[in-house]
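Participant:
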Amino acid sequence: MTAARPDVLDFLLTRRSRPAKTLTAPVPDSDALGPLLSAAARSPDHGALEPFRFIVLERAALARIAELIAPAGERLGRSPEEIAKQRAVYAGGNLAVAVVFSPRESPKVPRVEQQYTAGAVCLSLLNAALAAGWGANWLSGWASHDPQFCAEAFALEPQEAIAGLIHIGTESTQPADRPRPDINAITTWVRA
Numbered sequence: 001m002t003a004a005r006p007d008v009l010d011f012l013l014t015r016r017s018r019p020a021k022t023l024t025a026p027v028p029d030s031d032a033l034g035p036l037l038s039a040a041a042r043s044p045d046h047g048a049l050e051p052f053r054f055i056v057l058e059r060a061a062l063a064r065i066a067e068l069i070a071p072a073g074e075r076l077g078r079s080p081e082e083i084a085k086q087r088a089v090y091a092g093g094n095l096a097v098a099v100v101f102s103p104r105e106s107p108k109v110p111r112v113e114q115q116y117t118a119g120a121v122c123l124s125l126l127n128a129a130l131a132a133g134w135g136a137n138w139l140s141g142w143a144s145h146d147p148q149f150c151a152e153a154f155a156l157e158p159q160e161a162i163a164g165l166i167h168i169g170t171e172s173t174q175p176a177d178r179p180r181p182d183i184n185a186i187t188t189w190v191r192a
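At the far end of the sequence shown sits residue 192, using the UniProt record's numbering, and the numbering has no gaps.
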């Protein structure tokens, strides 16, 4: 058994994402962001394929992407309300890291396992940012699931997809905790 880290367990038991709309400047610079990305890249990765990459989006890039939302939403038949809500994900941000799912050809590691790795990277980046004292939130939304939008906004390759947008900044207001799952209601023990 490895050495217990009660401080880490306490962090995980009390961690709370911060709503992206409440994150303000300052945001981490490249020196502060580097260790967070390194921590995220230590996520479980069957076959060490690294089926992910990062795109760091600063304020001007987020504003540019926000302008692409309305045309994408109209093309996809989204309502004005859906377009406005999705546009706000980008327009109001100061810094976000797009975690890109970038699958690799592998005879041993199926695509779905590689996708799980990209999701784990998102959560690890979120938790690393929170552990470092930043506010952070993991978002996506309909635009980030549209291949045409992603090609235009992020220059993704056809086989790539956005696993998540991790917004990172300074917490302006601390949200109340939300109800958490009843562990006994969602856990089954199999003893034989």
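C-beta atoms are modelled at their ideal positions from N, C-alpha and C, and glycine is treated no differently. Keep in mind the model is a prediction, meaning the values are calculated, not measured.
Which residues mark the beginning and the end of the beta strand (DSSP E) in which Thr170 is found?
Facilitator: In the sequence shown, residue 170 corresponds to position 170, counting from 1. Element bounds for Thr170: Ala161 to Glu171.
Participant: Are Val89 and Cys122 closer than 8 Å when you measure CB to CB?
Facilitator: As a working note, residue 89 is residue 89 in the sequence shown. As a working note, residue 122 is residue 122 in the sequence shown. Going by C-beta atoms, Val89 is not nearer than 8 Å to Cys122.
Participant: Quick check: what's the CA-CA separation for Leu13 versus Gln86?
Facilitator: By 1-based counting over the sequence shown, the position of residue 13 is 13. By 1-based counting over the sequence shown, the position of residue 86 is 86. If I take the Cα positions, the gap works out to 30 Å.
Participant: Would the segment 29-39 and the segment 121-141 be scored as touching if the rule is three or more Cβ pairs under 8 Å?
Facilitator: yes
Participant: Identify which residue in Glu50, His145 and Arg178 has its Cα closest to the Cα of Arg16.
Facilitator: Numbered from its first residue, the sequence shown carries residue 16 at position 16. Nearest of Glu50, His145 and Arg178 to Arg16, Cα basis: Arg178.
Participant: Report back the beta-carbon spacing between Ile168 and Ser140 to the nearest angstrom; my notes put them in contact at under 8 Å.
Facilitator: What you label residue 168 is simply residue 168 of the sequence shown in a count that begins at 1. What you label residue 140 is simply residue 140 of the sequence shown in a count that begins at 1. About 15 Å separates the two Cβ atoms, so there is no contact after all.
Participant: Which residues in the same chain as residue 193 place their Cβ atom closer than 7 Å to its Cβ, once the five residues preceding and following it in sequence are excluded?
Facilitator: Any property of residue 193 remains undetermined from this structure, which presents the chain solely from 1 to 192.
Participant: Select from Ser124, Asp182, Phe101 and Gln114 the residue whose C-alpha is nearest the C-alpha of Cys150.
Facilitator: The residue you call residue 150 lines up with position 150 of the sequence shown. The option with the nearest alpha carbon to Cys150 is Phe101.
Participant: Within 10 angstroms of its Cβ, does Glu160 collect 16 or more other Cβ (buried), or is it exposed?
Facilitator: What you label residue 160 is simply residue 160 of the sequence shown in a count that begins at 1. Result: buried.
Participant: Let me make sure I understand the geometry here. Which of Ala4, Lys21 and Ala3 has the alpha-carbon closest to that of Ala136?
Facilitator: Position 136 of the sequence shown, counting from 1, holds the residue named residue 136. The shortest Cα separation from Ala136 among Ala4, Lys21 and Ala3 belongs to Lys21.
Participant: Quick check on this structure: which residue in Tyr116, Thr170 and Asn184 has the alpha carbon closest to the alpha carbon of Pro26?
Facilitator: Along the sequence shown, read from residue 1 onward, the residue named residue 26 stands at position 26. For Pro26, the nearest C-alpha among the options comes from Thr170.
Participant: Can you have a look at Thr173 and say buried or exposed, based on whether 16 or more other CB atoms are within 10 angstroms of its CB?
Facilitator: Within the sequence shown, residue 173 is the residue found at index 173, counting from 1. It is exposed - the Cβ of Thr173 has fewer than 16 other Cβ atoms within 10 Å.
Participant: Please classify Ser124 as buried or exposed, where buried requires at least 16 neighbouring CB atoms within 10 angstroms.
Facilitator: Within the sequence shown, residue 124 is the residue found at index 124, counting from 1. Counting Cβ neighbours within 10 Å, Ser124 comes out buried, since at least 16 surround it.
Participant: Using CA atoms only, rank isn't needed, just tell me which of Leu49, Pro107, Asp182 and Gly93 is closest to Ile166.
Facilitator: As a first step, residue 166 is located in the sequence shown; it is residue number 166 there, counting from the start. Of the listed residues, the one whose Cα sits closest to Ile166 is Gly93.
Participant: Can you list, in chain order, the residues of its chain with a C-beta nearer than 7 Å to that of Arg104? Leave out the 5 residues immediately preceding and following it.
Facilitator: Position 104 of the sequence shown, counting from 1, holds the residue named residue 104. Cβ neighbours of Arg104 beyond the five flanking positions: Leu49, Pro51 and Gln114.
Participant: Which one or two residues does DSSP pair with Arg53 in a beta bridge?
Facilitator: Sequence index remark: in the sequence shown, residue 53 carries index 53 (1-based). Answer is Val100, bridged to Arg53.
Participant: Could you round the C-beta distance between Leu37 and Phe54 to whole angstroms and report it? I think they count as a contact, below 8 Å.
Facilitator: Numbered from its first residue, the sequence shown carries residue 37 at position 37. Numbered from its first residue, the sequence shown carries residue 54 at position 54. The Cβ separation is near 6 Å, so the contact holds.
Participant: Would a C-beta distance cut-off of 8 Å place Ala176 and Ile65 closer than the cut-off?
Facilitator: Position 176 of the sequence shown, counting from 1, holds the residue named residue 176. Position 65 of the sequence shown, counting from 1, holds the residue named residue 65. No, these two residues do not count as a Cβ contact at 8 Å.
Participant: I need the DSSP call for Thr187, collapsed to helix, strand or coil.
Facilitator: Taking the first residue of the sequence shown as 1, we reach residue 187 at position 187. Thr187: coil per DSSP, three-state reduction.
Participant: Of the residues Arg75, Leu95, Tyr116 and Ser79, which one's Cα is nearest the Cα of Ala61?
Facilitator: Here residue 61 is taken as the residue at index 61 of the sequence shown, counted from 1. If we check each option's Cα against that of Ala61, Leu95 comes out closest.
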